[in-house]
Amino acid sequence: MRDFPDINEIKILEKNSQKNGSGIVYDQLLGIWKLKYVWGKESDEIKNIPSSILQVLSARLELTSKNKEDQINYEIKNSINLGLLNITFTGSAKLKGLRPLLAFYFEELKISISSFPIFNKELKKPENKKMPFFSLIGISIKDNWLCARGRGGGLAIWVKS
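Going left to right, the sequence shown walks through residues 1017 to 1177 as my numbering numbers them.
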């Protein structure tokens, strides 16, 4: 059974990552991460309904290497599934700083039924000061979880699959 940090442990990890960095490195983020829990901005309670809905929709974050030599840039995919319906955002992500931050933007939205695309749209890159990001708080290699806070202040735990 996996052991996830509670909100008090997350707050300690977050304070430490702000001061000393989380120690999370490029290779640790590679892979598919399924959303497990979300908290609202400045909330100590897991948002059970959104967490459950996102789990049912198989919400996932996928990070793959764009260039194995640079150890900074990723291709990022964020997707949900409802039966045969799949909604996927694809773009670029970059690891920045000691904390670190995972800054990203989506370049494409694709909707498909099974493997057949029904909608495809290119997306504009936001201005740098409006770029979304995840502040990477902590990771457990043993229990395969990743904890991060988004630009909007929400908190999430993902499980590596």
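Glycine residues also receive a C-beta, built at the ideal position from the N, C-alpha and C atoms.
Contact under 8 Å by Cβ, residue i with residue j
| i | j | result |
| --- | --- | --- |
| Asn1136 | Ser1108 | no |
| Ser1038 | Leu1111 | no |
| Ile1173 | Lys1052 | yes |
| Glu1058 | Gly1169 | yes |
| Ile1129 | Leu1100 | yes |
| Leu1125 | Leu1098 | no |
| Pro1148 | Phe1120 | yes |
| Glu1030 | Arg1167 | no |
| Val1175 | Lys1050 | yes |
Chain C within 8 Å of residue i, Cβ atoms only
| i | result |
| --- | --- |
| Lys1050 | Annotation note: the requested chain C is absent from the structure, which comprises a single protein chain. |
Residue i versus residue j - alpha carbon distance
| i | j | result |
| --- | --- | --- |
| Ile1103 | Asp1019 | 30 Å |
| Leu1171 | Val1054 | 6 Å |
| Lys1035 | Pro1133 | 45 Å |
| Glu1025 | Phe1122 | 31 Å |
| Arg1115 | Gln1044 | 14 Å |
| Glu1143 | Leu1118 | 16 Å |
| Glu1091 | Lys1141 | 14 Å |
| Lys1158 | Pro1021 | 13 Å |
| Gly1113 | Ile1096 | 29 Å |
| Ser1067 | Ile1048 | 17 Å |
Opposing strand residues paired with residue i [DSSP bridges]
| i | result |
| --- | --- |
| Pro1133 | Ser1128 |
| Val1054 | Ala1172 |
| Tyr1042 | None, per the DSSP bridge assignment. |
| Ile1103 | Ile1096 and Ile1127 |
| Lys1110 | Asn1089 and Ala1119 |
| Ile1048 | Glu1078 |
Coil, strand or helix - residue i by DSSP
| i | result |
| --- | --- |
| Val1218 | Summary: the structure shown does not reach residue 1218, with the chain confined to residues 1017 through 1177, and so no result is reported for it. |
| Ile1155 | strand |
| Ser1068 | helix |
| Glu1138 | strand |
| Asn1097 | strand |
| Ser1081 | strand |
| Leu1029 | helix |
Counted within 10 angstroms of its Cβ, other Cβ atoms place residue i as buried (16 or more) or exposed
| i | result |
| --- | --- |
| Leu1046 | exposed |
| Ile1028 | exposed |
| Glu1138 | exposed |
| Val1041 | exposed |
| Ser1177 | exposed |
| Ile1062 | buried |
| Lys1145 | exposed |
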